[in-house]
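Notes for the one structure printed next.
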Amino acid sequence: MKRLMIVLALLFANGVHAQKRPILDVLYDQVDAFNKGDIERLVKNVSDDFIWFSLTSDTLMIDVSGKQNFRTSMINYFAGGRKVHSSIEQYAIDGNRVSFREVVSHKGKDGQDVSASAMGIYEIVDGRIRRAWYFIDGGEA
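Here the sequence shown stands for residues 17 to 157, numbered as in my numbering.
Right, dumping it as structure tokens:
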């Protein structure tokens with residue numbers, strides 16, 4: 017009985033660690049891929065049934081539905097060699113979801129720094145982003 021309890025305790029402890037570590041790996045890999053404009057890696061990190069929601073104070077929209085539509089969206093976003101930088105300022109993990117504050121910046125047409133911040137939530141299933149919700153604060157990055 018004692019041996020069974022130890023095995024169960026180890027499995028539980030490893031399960032909790034395994035659940036949190038991959039979630040952060042996916043989040044930070046997605047940020048790194050975004051910063052490098054690595055479309056293939058961005059797409060690899062999302063599930064086939066991926067949906068990206070955007071929310072403002074007045075609107076809820078589906079920005080992208082499906083992996084291939086996400087690929088097209090990222091190709092369009094990075095068209096012309098667009099250079100952007102994303103940083104995660106805070107995060108919290110709850111089950112298979114990670115919520116975070118993200119700031120995205122780039123140089124505007126006039127050479128000035130432009131940035132936008134958002135709160136985001138990724139639902140991670142089987143090591144891939146299944147759902148993304150972005151609560152948009154303003155600006156366009």
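Ideal placement from N, C-alpha and C gives every residue a C-beta, glycine not left out.
Endpoints, the alpha helix (DSSP H) within which residue i is located
i   : result
V47 : K18 to K52
R98 : From DSSP, R98 is part of no alpha helix (DSSP H); its letter is neither H nor E.
Endpoints, beta strand (DSSP E) assigned at residue i
i    : result
K187 : In the structure as shown, the chain begins at 17 and stops at 157. Residue 187 is therefore absent and cannot be evaluated.
S70  : V62 to L71
F151 : R144 to I152
D79  : L76 to S81
Beta-carbon contacts of residue i that lie in its chain and below 7 Å, excluding the five residues immediately before and after
i    : result
G143 : P38 and V42
E105 : R117 and V119
Sequence-distant residues of its chain with Cβ nearer than 6 Å to residue i (five each side left out)
i    : result
D64  : K83
S115 : A108 and I137
S103 : V119
As assigned by DSSP and simplified to three states, the class of residue i
i    : result
I91  : helix
V114 : strand
7 Å Cβ cutoff met for residue i and residue j
i    : j    : result
V59  : R98  : no
V80  : S89  : yes
I145 : S70  : no
Y181 : A134 : Nothing can be reported for residue 181: it is not among the residues displayed for the chain, which extend from 17 to 157.
Beta-carbon contacts of residue i that lie in its chain and below 8 Å, excluding the five residues immediately before and after
i    : result
D124 : For the sequence presented, residue 124 should be read as Gly rather than Asp. These residues qualify, in order along the chain: V130.
(request) Could you tell me whether the segment 113-128 touches the segment 52-59, where touching means 3 or more Cβ pairs closer than 8 Å? (result) no
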